[in-house]
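Using our numbering, the letters of the sequence shown map in sequence onto residues 1250 to 1395. A virtual CB, placed ideally from N, CA and C, is assigned to each residue, including glycine. These notes are about the structure you will find just below.
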Amino acid sequence: METTLRLLRMVWSALLFSIVMYVLIGERVGPHRTALDPTIFRAIAFVAVATVGMIFAVRRMIVLRAAQTLAGQPADNAANLRWRGGYIVTFALCEAIALYGFVLRMQGFSLSQVAPFYFGGLLLMVYFGPRRPASNEVGAGVSTVG
């Protein structure tokens, strides 16, 4: 469990750093166009909202169920793999939201327009950071998402 948690924290830290890099690179390299199609922005915003829904679904269906199993049976290797995989999928989905902002920035949208994507991805990544499964969060925790 400790090695898995350490691995998840390393992946999580690297992905947090990459979100900061998206902002910096987007500001350094991003084009500055004036005529932009708002349809692209709306479509990607819709995809980002759907991605947030997927994050909550993955947390509920994979991570919390595996954490419940691990709380009762810490040596269950299959539950440990599901728990780790669920966290990695959660991190990837959070990262995708920030990446949508980066793509929009590369299309020419301003920082103020894409900041909600960066901030949302970063905030979700921090909120769903890796935590050790504990028996106190599992009993009533199955009904919660965090």
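Item	Value
How many angstroms separate the CA atom of Ser1392 from the CA atom of Thr1318?	Residue placement at Ser1392 cannot be trusted, given a pLDDT of 46 that sits under 50; the coordinates are not used to answer.
As a quick exercise: from Phe1340, Thr1252 and Phe1368, pick the residue whose alpha carbon is nearest that of Arg1308.	Phe1340
Where do the N-terminal and C-terminal ends of the alpha helix (DSSP H) with Leu1257 fall, by residue?	Glu1251 to Val1278
Helix, strand or coil: how does DSSP classify Val1340 here?	Residue identity check: residue 1340 is Phe in the sequence provided, not Val. Here Phe1340 sits in helix by DSSP.
Select from Pro1382, Phe1368, Val1301 and Ala1320 the residue whose C-alpha is nearest the C-alpha of Met1270.	Phe1368
Buried or exposed: which applies to Glu1344, given that a residue is buried once 16 or more other Cβ atoms fall within 10 Å of its Cβ?	buried
Check whether the Cβ atoms of Thr1300 and Ile1337 sit closer than 8 Å, and answer yes or no.	no
Please give me, in chain order, every unbroken run of the alpha helix (DSSP H) with length at least 4 that falls completely inside the region 1286 to 1323.	1287 to 1307 and 1313 to 1321
Below 8 Å on the Cβ atoms is my guess for Tyr1349 versus Val1272; work out the distance and round it to an integer in Å.	Rounded, the Cβ-Cβ distance is 13 Å, inconsistent with contact.
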